[in-house]
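**Q**
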Amino acid sequence: MRDAGARRRNRELVAHLQEAGVLTDPAVAAAFQSVLRHQFLPGRRLAYVYEDTAIPTKTDERGLALSSSSQPAIMALMLQQLALQPGQRVLEIGAGTGYNAALMARLVSPGGAVYTLDIDEEVCAQARANLGAAGVEEVQVVDADGAAGWPEAAPFDRLIVTASADDLAPAWPYQLLDEGRLVVPLALAGPAHLCVAFVKRGRVLESDSLSCCGFLPMRGEMGFDVRLAEPDGTLPLPGRPTWISLPAADMSAGFKTWLALTRPGFVQHRLHPEAPLVFGLRDERGTALAVPEREALWIYAFGEGQEAAGRLLAAHREWAPTRPNPEHLTVAAYPTGEEPAAQAGQMRFARPRFTFLVTRP
Ligand SMILES: C[S@@+](CC[C@H](N)C(=O)[O-])C[C@H]1O[C@@H](n2cnc3c(N)ncnc32)[C@H](O)[C@@H]1O
């Protein structure tokens, strides 16, 4: 009875993802049809399990999520970016509930192999139990920090990271075959979280698709300061209105993420401790912030922020006619020290292990 109800709800979820234009690949859709999410979320209400939402499964003492079942729409996008084929070997970093690993097991069948790592022993035990109860035998769950990949089973055709990273671990491309794909949620700048599908070309990784996403940050050796998304530096108060405004709706239409990824000096601030985050640009002389007021974003200059305000306005003028979303950008990752100089219009994000060059079309 519960199973029939779950199948119906699952069909509805898959139909919703297809109608929303998120789930387009027939093989990925078939995997979602055949693997039932509730088997990986024991004890949860079916109505909740089959919503298109992320479901936390483990929290720390402050109530912050340590593990979760990711949002099905994001899982679908990432699996499509990964482009798994029957017979392939795939490594997942972030086993969580085991649900994504079970979907991948369908996609690489027959003849493939799925290895999934989680840094959390308790999470691994639960993933093994869930996979066992769902009758999925082709997945090996390993309790390990994904920063080192899984050399015992390398090389892989595909590697997927299901926690966010602000850099790449050198082990990931090293354990990937040439032309292999690495899909990873990258935190490059402020609010910009992009799921990047990289293709390995020798020492360089080149993106061939990007999608917007949000993920729990990695823990362990690749852990990073999530406060990247929090206020940045102190503000030279008080601010002065520049009498320039931008349409407020453009913030949700992707302008903020675009700005963060294409212009140097992106910043976020709170004008007072309880106020929402506002964003803008900064240079060595001052800061310009877009502050929502009366249905618009009014640009305020702080310190000598007039030039930053001009750059903010120019960025908006470039973005507004076609409203390119961040998915139109391309990203190349070079081992740090081996990257070419950034060309005009390219943004460079240097991290200890890899340097990322972002190019706009
Ligand atoms: C969003 S959940 C993964 C969801 C999972 N793929 C699923 O289908 O349910 C992220 C997982 O990454 C794990 N994680 C975080 N840092 C890790 C690391 N360094 N190595 C391996 N796993 C890690 C967390 O313990 C958590 O279980």
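Reading the sequence shown from the start, the letters are residues 253 to 613 in my numbering.
Yeah, the Cβ is synthetic: ideal placement off N, Cα and C, and Gly gets one too.
Give every residue of the same chain whose Cβ lies closer than 8 Å to the Cβ of Leu-298, excluding the five residues on either side of it in the sequence, and list them in chain order.
**A** The answer, listed in chain order, is Arg-254, Gly-257, Ala-258, Arg-261 and His-290.
**Q** Can you round the beta-carbon distance between Val-448 and Ala-417 to whole angstroms, since I take them to be within the 8 Å contact cut?
**A** At roughly 10 Å, the Cβ-Cβ gap does not stay under 8 Å, so Val-448 and Ala-417 are not in contact.
**Q** DSSP state of His-268, grouped into three classes?
**A** Helix at His-268.
**Q** Which same chain residues, not among the five before or five after Ala-335, have their C-beta less than 7 Å away from its C-beta?
**A** Cβ neighbours of Ala-335 beyond the five flanking positions: Arg-433.
**Q** May I ask you to check if the CB of Tyr-302 is nearer than 6 Å to at least one heavy atom of ligand 1?
**A** Every heavy atom of ligand 1 is 6 Å or more from the Cβ of Tyr-302, so no.
**Q** Identify whether Asp-430 lies in helix, strand or coil by the three-state DSSP scheme.
**A** In the structure shown, Asp-430 sits in a strand (DSSP, three-state: E or B).
**Q** Taking Cβ to Cβ, would you say Ala-567 is nearer than 7 Å to Thr-539?
**A** Contact flag unset, no.
**Q** Whose CA, out of Val-366, Ala-328 and Ser-320, lies closest to the CA of Gln-340?
**A** Looking at the Cα atoms, Val-366 is the closest of the given residues.
**Q** Counting only the same chain and skipping the five closest in sequence on each side, list residues whose C-beta sits under 6 Å from that of Leu-331.
**A** Hits under 6 Å: Val-280.
**Q** How about Ala-399 and Gly-472: are their beta carbons less than 7 Å apart?
**A** Yes, they are a contact pair.
**Q** Taking only heavy atoms of ligand 1 into account, decide whether any of them is closer than 6 Å to the Cβ of Gly-398.
**A** Yes, the Cβ of Gly-398 comes within 6 Å of a heavy atom of ligand 1.
**Q** Name the one or two DSSP bridge partners that Cys-464 has.
**A** Beta-bridge pairing links Cys-464 to Leu-446.
**Q** Would the C-beta of Ile-412 count as close to ligand 1, meaning under 6 Å from any of its heavy atoms?
**A** Incorrect: Ile-412 has no Cβ contact closer than 6 Å to ligand 1.
**Q** Once you ignore the five residues that flank Ala-347 on each side, which residues in its own chain have a CB closer than 7 Å to its CB?
**A** Excluding sequence neighbours, Ala-347 sits near Ala-353, Thr-368, Leu-369, Asp-370, Val-375, Cys-376, Ala-379 and Val-393.
**Q** For Ala-500 versus Glu-547, is the C-beta spacing smaller than 7 Å?
**A** A contact, by the Cβ cut-off of 7 Å.
**Q** Tell me which same chain residues have a C-beta within less than 8 Å of the C-beta of Pro-592, skipping the five on either side of it?
**A** For Pro-592, where only same-chain residues beyond five positions count, the Cβ hits under 8 Å are Tyr-586 and Leu-609.
**Q** Return the first residue and the last residue of the beta strand (DSSP E) that Pro-587 is part of.
**A** That run of the beta strand (DSSP E) goes 582–587.
**Q** Can you tell me whether DSSP reads Pro-578 as helix, strand or coil?
**A** Helix, per DSSP.
**Q** When the Cα atoms are used, what is the spatial distance from Glu-431 to Thr-588?
**A** Cα to Cα, the separation comes out at about 21 Å.
**Q** For Ser-319, which of Ile-326, Ala-325 and Lys-310 has the nearest alpha-carbon?
**A** Out of Ile-326, Ala-325 and Lys-310, Lys-310 has the C-alpha closest to the C-alpha of Ser-319.
**Q** Measure the alpha-carbon distance for Leu-480 versus His-521 and round it to whole angstroms.
**A** Any answer about Leu-480 is weak, because its pLDDT of 49 lies below 50 and its placement is not dependable; what the coordinates show is given next. Those two C-alpha atoms are separated by around 11 Å.
**Q** Give the C-beta separation of Arg-410 and Val-342 to the nearest angstrom, bearing in mind that I take them to be a contact with Cβ-Cβ under 8 Å.
**A** Arg-410 to Val-342, Cβ: 4 Å. Contact.
**Q** Assuming Gly-401 contacts Trp-424 (C-beta within less than 8 Å), just tell me the rounded distance between them.
**A** Correct: roughly 6 Å between the Cβ atoms.
**Q** Quick check: is the beta carbon of Gly-506 nearer than 7 Å to any beta carbon in chain D?
**A** Structure shown: chain D not included; a single protein chain is present.
**Q** Between Ile-496 and Thr-305, what straight-line distance do the alpha-carbon atoms span, to the nearest angstrom?
**A** Approximately 38 Å, taken between the alpha carbons.
**Q** Where does His-445 land, buried or exposed, given buried means 16+ other C-beta within 10 angstroms?
**A** The residue is buried, with at least 16 neighbouring Cβ atoms inside 10 Å.
**Q** Please work out which residues of its chain come closer than 6 Å, Cβ to Cβ, to Gln-333, disregarding the five sequence neighbours upstream and downstream, and give them in chain order.
**A** If we look at Gln-333 and ignore the five residues flanking it on each side, its Cβ neighbours are Val-435, Ala-449 and Ser-461.
**Q** Taking the alpha carbon of Arg-263 as the point to measure from, which residue in Leu-564, Ala-272, Tyr-302 and Asp-277 has its own alpha carbon closest?
**A** Ranking the options by Cα distance to Arg-263, first place goes to Tyr-302.
**Q** Would you kindly report the start and end of the unbroken alpha helix (DSSP H) that includes Leu-513?
**A** It spans 508–514 - the alpha helix (DSSP H) in which Leu-513 sits, taken as one unbroken run.
**Q** Given the structure, does Val-393 come close to ligand 1, in the sense that its CB is under 6 Å from one of the ligand's heavy atoms?
**A** Incorrect: Val-393 has no Cβ contact closer than 6 Å to ligand 1.
**Q** To the nearest angstrom, how far is the alpha carbon of Gln-558 from that of Val-413?
**A** Taking the straight line from one Cα to the other gives about 41 Å.
**Q** Are the CB atoms of Ala-441 and Ala-512 nearer to each other than 7 Å?
**A** Contact flag set, yes.
**Q** Gly-257 by DSSP, collapsed to three states: which one?
**A** Helix, per DSSP.
**Q** Would the beta-carbon of Ala-283 fall within 7 Å of that of Leu-355?
**A** In contact: Ala-283 and Leu-355 (Cβ atoms closer than 7 Å).
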